[in-house]
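A.B. asks:
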Amino acid sequence: MRYSTPIVLSLAVAAACLLPACGKAYMAAAEAFGYEKREMLTDRVEAARDQQMEAREQFESALDEFRALTGPIDEDLEELYDRLDKQLDRSRSKASGVRSRIAKVEEVADDIRVERAIEDKDAVRGFAETTHAARSWTRQRRVSARIEATRLGLDIRYVVTSIASGTAEWLYADLYCARGQA
Numbered sequence: 008m009r010y011s012t013p014i015v016l017s018l019a020v021a022a023a024c025l026l027p028a029c030g031k032a033y034m035a036a037a038e039a040f041g042y043e044k045r046e047m048l049t050d051r052v053e054a055a056r057d058q059q060m061e062a063r064e065q066f067e068s069a070l071d072e073f074r075a076l077t078g079p080i081d082e083d084l085e086e087l088y089d090r091l092d093k094q095l096d097r098s099r100s101k102a103s104g105v106r107s108r109i110a111k112v113e114e115v116a117d118d119i120r121v122e123r124a125i126e127d128k129d130a131v132r133g134f135a136e137t138t139h140a141a142r143s144w145t146r147q148r149r150v151s152a153r154i155e156a157t158r159l160g161l162d163i164r165y166v167v168t169s170i171a172s173g174t175a176e177w178l179y180a181d182l183y184c185a186r187g188q189a
């Protein structure tokens with residue numbers, strides 16, 4: 008009996024997804040189907056960014072609720088504590104998600120290092136981007152990262168900018184490096 012390619016592909020991807028403890032096997036299977044490590048890194052950085060934004064919103068809502076409650080307190084202190092404790096638990100849960108996403112980004116960065124070593128290349132380079140908003144800023148800024156594995160180790164450089172157009176690679180290589188910083 009002959010199976011069609013989409014069915015076999017679906018089963019292989021599903022099997023790889025069901026084995027999270029076998030992260031290397033998942034990445035190898037994904038690469039076999041054309042999903043490059045650099046694409047995985049970009050996707051995971053974007054997912055980490057989204058998770059970070061959700062966690063930030065959760066912390067802000069907990070802070071807003073605390074501020075609203077610290078005015079005239081008409082309710083029992085124990086009820087106030089319980090409600091704030093639940094907000095803290097939700098905030099910790101969101102922060103845990105951010106840490107998980109960051110760990111996945113680091114895993115892909117490790118794989119880029121391994122690829123460089125196995126293929127004996129001088130360097131393997133990838134690019135990723137996210138957004139960031141410092142408290143003193145009035146709006147979010149774009150953060151582009153150049154991730155490079157060399158014989159000396161991993162080198163990650165960031166560019167923070169207001170420029171909205173262009174790819175992360177263009178922003179780093181053509182704009183940033185053109186100013187004399189490689």
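Residues in the sequence shown are numbered from 8 upward in steps of one, following this note's numbering. Glycine included, C-beta positions come from ideal geometry on N, C-alpha and C.
1) For Ile154, which three-state DSSP category applies?
2) Would you mind stating whether Val105 and Ala62 have Cβ atoms separated by less than 7 Å?
3) Would Ala156 and Val131 qualify as a contact pair, given that the criterion is a beta-carbon distance under 7 Å?
4) Tell me the rounded alpha-carbon separation between Ala152 and Tyr183.
5) According to the neighbour-count rule (16 or more other Cβ atoms, all chains shown, within 10 Å of its Cβ), is Val167 buried or exposed?
6) Where Arg5 and Ser169 are concerned, what is the direct C-alpha to C-alpha distance, given to the nearest angstrom?
7) Please classify Thr49 as buried or exposed, where buried requires at least 16 other C-beta atoms within 10 Å of its C-beta.
8) Determine the contact status of Ala175 and Phe134, defining contact as a CB-CB distance below 7 Å.
9) For Ala102, which residues from the same chain have a beta carbon less than 6 Å from its beta carbon, with the 5 sequence-adjacent residues on both sides left out?
10) Could you spell out where the beta strand (DSSP E) holding Asp83 opens and where it closes?
11) Give me the Cα-Cα distance between Tyr165 and Ile119, rounded to the nearest whole angstrom.
C.D. replies: Result, derived from the coordinates:
1) For the purposes of this step, residue 154 is identified with residue 147 of the sequence shown, where counting begins at 1. Of the three classes helix, strand and coil, the one that applies to Ile154 here is strand, per DSSP.
2) Indexing the sequence shown from 1 puts residue 105 at position 98. Indexing the sequence shown from 1 puts residue 62 at position 55. The answer is yes: Cβ separation under 7 Å.
3) If you number the sequence shown from 1, residue 156 lands on position 149. If you number the sequence shown from 1, residue 131 lands on position 124. Yes.
4) Here residue 152 refers to the residue found at position 145 of the sequence shown. Here residue 183 refers to the residue found at position 176 of the sequence shown. Roughly 11 Å separates the two Cα atoms.
5) For the purposes of this step, residue 167 is identified with residue 160 of the sequence shown, where counting begins at 1. Flag for Val167 reads exposed.
6) Here the chain has residues from 8 to 189 only, and residue 5 is not among them.
7) The sequence position of residue 49 within the sequence shown is 42, counting from 1. Buried.
8) By 1-based counting over the sequence shown, the position of residue 175 is 168. By 1-based counting over the sequence shown, the position of residue 134 is 127. Yes, the pair counts as a contact, with Cβ atoms nearer than the cut-off.
9) Taking the first residue of the sequence shown as 1, we reach residue 102 at position 95. If we look at Ala102 and ignore the five residues flanking it on each side, its Cβ neighbours are Ala62.
10) The residue given as residue 83 occupies position 76 in the sequence shown. Looking at the DSSP string, Asp83 is not in any beta strand (DSSP E), and its letter there is neither H nor E.
11) Mapped onto the sequence shown, residue 165 falls at position 158. Mapped onto the sequence shown, residue 119 falls at position 112. Approximately 17 Å, taken between the alpha carbons.
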